[in-house]
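See structure below.
Numbering (the numbering used here), first residue to last: -15 to 117.
Next up, the structure:
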């Protein structure tokens, strides 16, 4: 995530909070997908209808303004979130949430791709969470 943190010009305190994130809560049913991430100063809760209807939330980088996002379930069963935000540092992000079938759904992989308006190359990374015993 360091590359994304640098791309988004995140303040030191936010970078530090990202470094200690060890818990992500996800609530998923037939109609909604919700994520809750807490790490000190970083507290992000987003709830999307799986209809693809656009929602608005505070920006994840803690700058003023909102981001617009939507969620859909892909044919593979993964949930894909698509978000976009305006200046400063206007850009867009796609996140694909996939539960592993090989371990009974105990591993969640999030594939993230982010691109700023002024950048030509997207930044991509994977985050893996494992269900605590």
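Yeah, the Cβ is synthetic: ideal placement off N, Cα and C, and Gly gets one too.
Using 8 Å as the threshold, is the C-beta distance between residue 28 and residue 47 below it?
no
Could you check what DSSP says for residue 64 in three-state terms: helix, strand or coil?
strand
Can you tell which of 35, 15 and 112 has its C-alpha closest to the C-alpha of residue 80?
112
Going along the chain, which residues of its own chain have a beta-carbon closer than 7 Å to the beta-carbon of residue 118, five neighbours each way excluded?
Here the chain comprises residues numbered -15 to 117, so residue 118 is not present and cannot be evaluated.
Taking DSSP as the reference, what is the three-state secondary structure of residue 132?
Given a span of -15 to 117 for the chain in the structure shown, any question on residue 132 remains unanswerable.
Spatial neighbours of residue 70 in its chain, beta-carbon cut-off 8 Å, leaving aside the 5 residues before and after:
49
Across which residues does DSSP place residue 69 in a beta bridge pair?
51 and 75
Within a Cβ cutoff of 7 Å, which residues of the same chain sit near residue 66, ignoring the five residues on either side of it in sequence?
53, 54 and 78
Segment limits, beta strand (DSSP E) that includes residue 97
91 to 100
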